[in-house]
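Peer 1: Under the working numbering, the residue at position 11 of the sequence shown is numbered 24, and the numbers go up by one with no gaps. Input: one structure, supplied below.
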Amino acid sequence: MQLDELCDLILKTEEGKSRSLIAVAGPPGAGKSTLADILASKLSGRGETAEVLPMDGFHMDNGILEERGLLARKGAPNTFDLRGFIDVVQAVKAAEDEVLVPVFDRSRELAIAAARVVSPRHRFIVIEGNYLLLGEGGWERLAPLFDYRILLAPPIEELQRRLEARWTFYGLAGQAFEDKIHGNDMPNVRLVLEKSKGADLVLERLDLEAAR
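In structure tokens, the structure reads:
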């Protein structure tokens, strides 16, 4: 499926709604943030109003993760502020007031509070994150809040290649690199691919670079 076709599908499915929450779920390295940004841009280019809400802004702080012995598993489901995220998604769905949301800075490995504004004037909110469609651990409360659910599910070999390239770019090497890939990212990849439920559309391959 091409991005323009996906936009057509969303516009047709969500016709007549003043606020639509579009979920873009998928494992680490699947291209969620890239797709969300492109999708919001293309919807805006069609005369719509759109904003992106990233789940990564709800990472627990490293200090809390260290206290709980979870720092090495940062990015796993239990390392996010799930309650806070659900509260924000509910507020965004209500579309009554502007909602200030946090954004994650990967270069510093921390969330920046109130870094983005979701306004009542935005018709489409593209929400992206690993566990939006996870069917366990309390995450299952999210799926009913979304109007349309997309799951990115590239081949696992491709995901590992992308993750290796990501952490090489950020300077990881040696045992730290191996621990990040095989002790954290790949277990999270398998969890998302095996336990995500309720997608309206599953995309195994999507040429995001060509869509830019």
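Virtual Cβ for every residue (Gly too), placed ideally from N, Cα, C.
When we look at the beta-carbon of Ile77 and count the other beta-carbons within 10 Å, is it buried (16 or more) or exposed?
Peer 2: Its Cβ having fewer than 16 others within 10 Å, Ile77 is exposed.
Peer 1: Please tell me whether Arg59 and Ile99 are closer than 8 Å, where the distance is taken between their beta carbons.
Peer 2: Cβ distance not < 8 Å, so Arg59 and Ile99 don't count as in contact.
Peer 1: By Cβ distance, which residues of its chain are closer than 8 Å to Leu164, with the 5 residues on each side in sequence left out?
Peer 2: Here the set comprises Ala38, Gly39, Leu146, Ser209, Ala212, Leu214, Val215, Leu216.
Peer 1: Starting from Gly97, follow the alpha helix (DSSP H) in both directions and report where the run begins and ends.
Peer 2: Where Gly97 is concerned, the enclosing alpha helix (DSSP H) stretches over 95-107.
Peer 1: Checking 8 Å against the spacing of the C-beta atoms, do Trp152 and Pro90 come in under that value?
Peer 2: Closer than 8 Å, so yes.
Peer 1: Do the CB positions of Lys193 and Leu206 come within less than 8 Å of each other?
Peer 2: Against a cut-off of 8 Å, the Cβ pair of Leu206 and Lys193 comes out as no contact.
Peer 1: Out of curiosity, what's the CA-to-CA distance linking Asp94 and Lys106?
Peer 2: Their Cα atoms are separated by approximately 18 Å.
Peer 1: Let me check understanding here. Comparing Cα to Cα, which of Ala43, Ala36, Phe71 lies closest to Leu176?
Peer 2: Considering only alpha carbons, the answer is Ala43.
Peer 1: Buried or exposed, going by whether 16 or more other CB atoms sit within 10 Å of the CB of Leu227?
Peer 2: No answer is possible for residue 227: it lies beyond the span of the chain, which begins at 14 and ends at 225.
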